[in-house]
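The numbering of the sequence shown is full-length UniProt numbering, which starts it at 1 and goes up by one.
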Amino acid sequence: MGVFNPTKRHPIKVLKLVESTVSDNPGVGEILIRWIASPINPIDLGKINGHFPGDVKLPCIGGSEGVGLVEKVRHFIHLVESTVSDNPGVGEILIRWIASPINPIDLGKINGHFPGDVKLPCIGGSEGVGLVEKIGSGVKSLVVGDHVIPFTIKHPTWTNYAIINADDVRAIDKRLKIEFAATLLINPPTAYCMLKEFVHLEPGDYIIQNCANSAVGQCVVQLAKEWGFKTINLVRDRAEINHAMKMLENLGADLVLTETQFEKKQKDVAKTLHGPVKLALNSAGGHSALLVSSALDRGGTVVTYGEMSGKNPEFLTSSFIFKNIRAVGFAITDFLQQPGNEAKCDEMFRQLQELNMNKRLMPPEMDKWRVQDFSKAITRAVEGGSLKQLLIFDTAL
């Protein structure tokens, strides 16, 4: 052991209280935050004592988590006027977008959590319904006046007009109402595929899902009822949740509980079931993922398709070891573009449209906004809740 020599300089780490300055002018996409409180975590102690695995450059500010207050926001979504050619080229169409929802994937692009490479500035939007205004030479699959939806999310939809490749849209039945048509690309197919592609379900089998009052969750409830499956539906504990729970029951949900209620009654719930829980659907992440996955019977599958809590999903090791569950992920965008899935996609969209026109698959309740009120619509979408936010660009349909 070395001996401390007071006459020598020894390197030490110190926690020094100092005053500094910070700009009060956040940049594009940034916020000015006033931190209120922060715990001292083991990771912080690791930085202090030199045991943190990463490269910590001193001096630095400590802390790893906390709660703060947003002081200023740099708004970076603007309604602007631009121009677009009215002369589509070979294989292209001129489309007039009518309506487009605000989806979690859109909010991810806005807050920087979208997994893809988003180059700013860009036009927002990931799905919607439009009207074919003009067709270029060589286009055989569409005619002027067709109602169309995008076939991928690569074309932005928060715009009045756009020229895109005819192969990147799909014609839909003109009898579909605007609310269902504008949200047909992502949520209904996500629910459809998760019920069809991962587990062989038979009538009477159980599905458990979190975020049950989301747009996908509502589709899951309706499709499960149509095909004879039973659903256990968990919703987050929050104010005014009773309306959402009643809405799910009206759609055909077999059991609706808050996450806290389910955690307290899980064993009692299991005793009331008359079939195996084969499939768990996770869109929340965090502890909520543990709740739905732990309810699976042996050999069950948990499908993760979102992370609304912003936290990585939690799973019990014992569920993998002793119940042999499996955990997989799903993105409808990958499924739609997977070579060899063309026939499956055609049949899926045919069924979904037919179910809607027969009033057996309805879209979620929506707030409709003029495009001029986009800021209010996005704020409402960020706040969450059962209502979908729909931007209306045109009243042609």
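No residue lacks a Cβ here, since even glycine has one placed at the ideal position from N, Cα and C.
Burial state of residue i (16 or more Cβ within 10 Å)
{"i": "Leu390", "result": "buried"}
{"i": "Val135", "result": "It is worth fixing the name first, because residue 135 is Ile in this sequence and not Val. With 16 or more Cβ atoms within 10 Å of its Cβ, Ile135 is classed as buried."}
{"i": "Gln372", "result": "exposed"}
{"i": "Gln266", "result": "exposed"}
{"i": "Ser82", "result": "exposed"}
{"i": "His147", "result": "buried"}
{"i": "Arg170", "result": "buried"}
{"i": "His75", "result": "At His75, the pLDDT of 48 sits below 50, so the modelled position is not reliable and the matter cannot be decided from this model."}
{"i": "Lys278", "result": "buried"}
{"i": "Phe229", "result": "buried"}
{"i": "residue 480", "result": "The shown model of the chain, from 1 to 397, leaves out residue 480, and the question about it has no answer."}
{"i": "Gln353", "result": "buried"}
{"i": "Lys388", "result": "buried"}
{"i": "residue 405", "result": "Summary: the structure shown does not reach residue 405, with the chain confined to residues 1 through 397, and so no result is reported for it."}
{"i": "Ala295", "result": "buried"}
{"i": "Leu79", "result": "exposed"}
{"i": "Gly209", "result": "Just to set this straight, residue 209 is Gln in the shown sequence, not Gly. With 16 or more Cβ atoms within 10 Å of its Cβ, Gln209 is classed as buried."}
Boundaries (first-last residue) of the beta strand (DSSP E) holding residue i
{"i": "Arg236", "result": "Counting along the chain, Arg236 falls outside any beta strand (DSSP E), and DSSP gives it neither H nor E."}
{"i": "Glu307", "result": "Element bounds for Glu307: n/a, residue is neither H nor E."}
{"i": "Ser64", "result": "Premise fails: Ser64 is in no beta strand (DSSP E) and is neither H nor E."}
{"i": "Ile123", "result": "Element bounds for Ile123: n/a, residue is neither H nor E."}
Coarse secondary structure for residue i, derived from DSSP in three states
{"i": "Lys174", "result": "coil"}
{"i": "Gln338", "result": "coil"}
{"i": "Asn87", "result": "coil"}
{"i": "His287", "result": "helix"}
{"i": "Leu251", "result": "helix"}
{"i": "residue 399", "result": "Nothing about residue 399 can be reported from this structure: the residues present for the chain run from 1 to 397 only."}
{"i": "Glu383", "result": "helix"}
{"i": "His75", "result": "Confidence is the limiting factor: at His75 the pLDDT is only 48, short of 50, which leaves the residue's position unreliable, though a coordinate-based value still follows. If DSSP states are grouped into helix, strand and coil, His75 belongs with coil."}
{"i": "Glu365", "result": "coil"}
{"i": "Gly204", "result": "coil"}
{"i": "Leu184", "result": "coil"}
{"i": "Arg350", "result": "helix"}
{"i": "Leu296", "result": "coil"}
{"i": "Ser20", "result": "coil"}
{"i": "Lys13", "result": "Model confidence at Lys13 stands at a pLDDT of 48, short of 50, so the residue's coordinates are unreliable; what they give is reported in the following sentence. Note: Lys13 maps to coil in three-state DSSP."}
{"i": "Asp268", "result": "helix"}
{"i": "Thr355", "result": "Per the sequence shown, residue 355 should be read as Leu rather than Thr. Note: Leu355 maps to helix in three-state DSSP."}
{"i": "Lys140", "result": "coil"}
{"i": "Lys57", "result": "coil"}
{"i": "Ala331", "result": "coil"}
{"i": "Ser82", "result": "coil"}
{"i": "Thr157", "result": "coil"}
Residues bridged to residue i [DSSP beta-bridge criterion]
{"i": "Met245", "result": "Beta-bridge pairing links Met245 to no other residue."}
{"i": "Thr258", "result": "Val235"}
{"i": "Ile392", "result": "Ala99, Arg370"}
{"i": "His274", "result": "Partner(s): none; His274 has no beta bridge."}
{"i": "Lys311", "result": "Gly285"}
{"i": "Arg326", "result": "Thr301"}
{"i": "Gly130", "result": "Trp97, Val148"}
{"i": "Asn165", "result": "Glu92"}
{"i": "Gln209", "result": "Asn233, Leu281"}
{"i": "Gly68", "result": "Trp35"}
{"i": "Ile135", "result": "Ile93"}
Residue i: first and last residue of the uninterrupted alpha helix (DSSP H) it sits in
{"i": "Val220", "result": "215-227"}
{"i": "Gly46", "result": "42-49"}
{"i": "Ala191", "result": "187-196"}
{"i": "Leu32", "result": "No alpha helix (DSSP H) holds Leu32; the beta strand (DSSP E) holding it covers 31-37."}
{"i": "Asp106", "result": "104-111"}
Residue i at chain B interface by Cβ criterion, 8 Å
{"i": "Ser141", "result": "Of the chains in the structure shown, none is chain B; there is only one protein chain."}
Are there three or more Cβ pairs, one per stretch, closer than 8 Å when the stretch 86-95 is compared with the stretch 160-170?
yes
Evaluate contact between the stretch 361-370 and the stretch 328-348, counting only Cβ atoms and requiring at least three cross-stretch pairs below 8 Å.
Here the stretch 361-370 makes no contact with the stretch 328-348; the two share fewer than three CB pairs at distances below 8 Å.
Across the stretch 282-295 and the stretch 304-315, are there enough close Cβ pairs to call them in contact, namely three or more that are closer than 8 Å?
yes
Between the stretch 291-304 and the stretch 101-110, do three or more beta carbon pairs fall short of 8 Å?
no
How do the stretch 220-235 and the stretch 258-267 stand: do at least 3 beta-carbon pairs fall below 8 Å, yes or no?
yes
Any 3 or more C-beta pairs closer than 8 Å across the stretch 188-205 and the stretch 147-162:
no
Report yes or no: do three or more beta-carbon pairs, one from the stretch 377-384 and one from the stretch 239-252, lie closer than 8 Å?
A contact between stretches requires three or more CB pairs, one per stretch, nearer than 8 Å, and the stretch 377-384 fails this requirement with the stretch 239-252.
Taking one C-beta from the stretch 325-332 and one from the stretch 126-146 each time, how about it: are there three or more such pairs within less than 8 Å?
Look at the beta carbons and you see the stretch 325-332 not touching the stretch 126-146: under three pairs across the two are nearer than 8 Å.
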